[in-house]
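Numbering (mature numbering (1 follows the signal peptide of the UniProt record, and there is no 0)), first residue to last: -21 to -1, 1 to 232.
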């Protein structure tokens, strides 16, 4: 009996352990699975060329120096009206304006020639967008760094303080160069080819017959008009010929 009494503490410890284990299992079932540790999101790396660049734009830039941009383009379009509308939107978006426009239409093409002024910072982007309105047949761009010219003119103003006329001329030249460096100039020509109609052989023969009849009628008209002017001479010549014929007939008899 004493042996069983000694075993009672061990039995109590075992029951307490089983109860604690059952309690933990019930808590785990109620709470559900443990959430996984949240992985911090890393920001997407910004590509070095995130800003879209115009092709070869970096080769045209002269950092910190005033540059005069000029150019000319010739573009063939498939739809003249649609190209004009798209061009108008593009110019407005780039802050450009027209200084001259000339539209012509002949037998083979419908064409418009524009002189465009655009801020120099938008010049390369504008010429790049204009290549999308049609097929580029010709393109020529030029740039001129005028930093040395401006420095020379400013030096001339400082040295010619007594010569008012020379100083004014130098200031006017500085203003002119600055304005050209602020606004670039682009000569744009775009056109749509007109379809040519080929004549069939039958149509060609008909046209030639009509031309021949018209030429004959014109020749007859000219002859009749000339006869009306010289009818007295013709009458005298006719009478003279009749007299010679009648006199010759008398001599024969």
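In this text, a Cβ means the ideal position worked out from N, Cα and C, and glycines have one as well.
None of these values were measured; they are calculated from a predicted model.
message = Between the alpha carbons of residue 84 and residue 185, how many angstroms are there, rounded?
response = 29 Å
ask   = Which word fits residue 75, buried or exposed, when buried means at least 16 other C-beta atoms lie within 10 angstroms of its C-beta?
value = buried
Pairwise C-alpha distance: residue 218 and residue 196 = 29 Å
key: CA-to-CA distance, residue 209 to residue 201, given in whole angstroms   = 12 Å
key: Sub-8 Å separation of residue 173 and residue 86 beta-carbons   = Taking 8 Å as the cut-off, the beta carbon of residue 173 is found closer than this to the beta carbon of residue 86.
message = Quick test of your reading: residue 125 and residue 45, contact by CB under 8 Å. State the CB separation rounded to the nearest angstrom.
response = 5 Å
query = How is the beta strand (DSSP E) around residue 90 delimited, first residue to last?
reply = Note, residue 90: beta strand (DSSP E), 88 to 98.
query = Exposed or buried, what is residue 187 when buried is set at 16 or more other beta-carbons lying within 10 Å of its beta-carbon?
reply = exposed
task = Verify whether the separation of the beta carbon atoms of residue 138 and residue 90 is less than 8 Å.
result = no
message = Which residues does DSSP list as the beta-bridge partners of residue 47?
response = 123
request  = Just the C-alpha distance for residue 112 and residue 64, rounded to the nearest angstrom, thanks.
outcome  = Separation of residue 112 and residue 64 (C-alpha to C-alpha, rounded to the nearest whole angstrom) is 10 Å.
ask   = Where residue 226 and residue 220 are concerned, what is the direct C-alpha to C-alpha distance, given to the nearest angstrom?
value = 10 Å
task = Tell me whether residue 165 is buried or exposed, calling it buried when 16 or more other Cβ atoms sit within 10 Å of its Cβ.
result = buried
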